[in-house]
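In the numbering used here, the protein residues as written are 1027 to 1330. Where is the CB? At the ideal position from N, CA and C, for every residue including glycine. Fair warning: this is a prediction, and the values are worked out from it, not measured in the lab. Take a look at the structure set out below.
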Amino acid sequence: MNFSTAKNEIMHLLSRVDVKELPKVIKWIKTSGELDDCFNDNEKIILRGIAKDLRVCLPMEAMFSSESFAIQKAQQNPLPLVHVDAFLYDEDTVDVLCEEGKMSRYYCLHCGSHRTAPLEFISHSFSTGELKYIFRHVLPDLTGQMVVDVGSRLGAVLYGGYLYSSAAKLFGVEINAEFIDLQKMVIQKYGFGDRVEVIHADICSQVNLLQNADVVVMNNVFEYFLELHEQIRAWQCIRHNVRKKGALLVTVPSIKESLTTLQGKKDSVDIHQWVEELPVNYNLYMGKDGDPDAFKDIHLYRIL
Ligand SMILES: C[S@@+](CC[C@H](N)C(=O)[O-])C[C@H]1O[C@@H](n2cnc3c(N)ncnc32)[C@H](O)[C@@H]1O
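Okay, here's the thing in structure tokens:
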């Protein structure tokens, strides 16, 4: 069926709906989420393709054994913690894996009993829904702008920014060489090289990039990956070099929360003279793509 036949059929169908029922039908079309699968955008299809390519290159928890500090830290959590990368595994994929018994959302409180509790999931990447939300709804038009993703890992922010924004250039800086190789593989396969570049480095060695960035993205960068004193050093570097007036900083969680985990050392980074927080619309309806709880962790700041 071509576009004009489909359009005519939909108009014909709507004209036959009882007028009293019509508002209900329109509301259902707009908000129910049952039609979401029909409205998959091209960008989302590409991102799903990338996730599929990456899944086969990584173990299910999407961590490399070289990340010994992060693995150790997760093991110290008082409750069972499962790494599920939200970019690689969307809700539907997790459901399928649970049905196949390859993953579980629950753990047993007493072995052998039916008493179970939900497992705590941790993701080291943004989901495709969060990427669309950030680049289409949180950030303004990025035409001609330079974006830096601090700790680019699988490259999700770079691919999302390439597809959902007009940013002129997107740089990813990642300290782990194995993730740099994966990002390079994707950039080459999907032809993102005209606007995306990745650098294998500690962000603290990239002061030029930080000083020239129009947008800096920081998704849980340091907490799980660096010792406390290294986190303080890295935050101080960000504080002193992300300083282009009017530049934007997107963080998860809020800067205040990240600094609180630095315990008594949080005063070593003074944020009041540095940034102002900007309002973000957390109530946006994004159908199946949107998890309002996850959106609430996304914070936007402007450099003063
Ligand atoms: C939670 S992941 C963020 C992934 C990605 N930005 C996203 O949102 O999908 C954080 C990444 O930061 C990297 N990282 C930690 N400290 C770093 C540093 N000092 N310089 C560069 N990368 C760092 C880690 O290796 C990890 O891959």
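- At a threshold of 6 Å, R1259 does not count as near ligand 1, since its beta carbon sits no closer than that to any of the ligand's heavy atoms.
- If you draw a straight line from the Cα of I1036 to the Cα of E1047, it comes to about 16 Å.
- In the DSSP assignment, G1198 falls within the unbroken beta strand (DSSP E) covering 1195-1200.
- If the five residues before and after V1120 are omitted, its C-beta is found closer than 7 Å to the C-beta atoms of V1110, M1129, all from its own chain and listed in chain order.
- Checking the 6 Å criterion, the Cβ of V1183 is within range of a heavy atom belonging to ligand 1.
- Under the DSSP assignment, H1325 falls in the beta strand (DSSP E) whose first and last residues are 1325-1329.
- Note on the segment 1076-1116: whole beta strand (DSSP E) runs with a minimum of 3 residues are 1107-1109, in chain order.
- Counting of Cβ neighbours within 10 angstroms places W1261 among the buried residues, the total reaching 16 or more.
- Between G1181 and Q1209 a beta carbon distance of about 4 Å is seen, short of the 8 Å cut, so the two are scored as contacting.
- Of the candidates G1155, M1244, D1240, M1172, the residue whose Cα lies closest to the Cα of F1321 is G1155.
- Taking non-hydrogen atoms of ligand 1 into account, the C-beta of I1055 is found less than 6 Å away from none of them.
- According to DSSP, residue pairing for M1027 in a beta bridge does not occur.
- Cα atoms of L1304 and V1045: separation of roughly 43 Å, rounded to the nearest angstrom.
- R1042 has its alpha-carbon roughly 46 Å from the corresponding atom of H1325.
- A1096 sits away from F1248, with the two beta carbons spaced by 7 Å or more.
- Annotated three-state conformation of L1275 is strand, per DSSP.
- When distances are taken from the beta-carbon of N1246 to the heavy atoms of ligand 1, the shortest one is below 6 Å.
- Taking the Cβ of D1067 as the reference point, every heavy atom of ligand 1 lies at 6 Å or farther away.
- Assigned with DSSP and collapsed to three states, H1226 falls in strand.
- The segment 1267-1278 and the segment 1309-1319 do not touch, with fewer than 3 CB-CB distances between them shorter than 8 Å.
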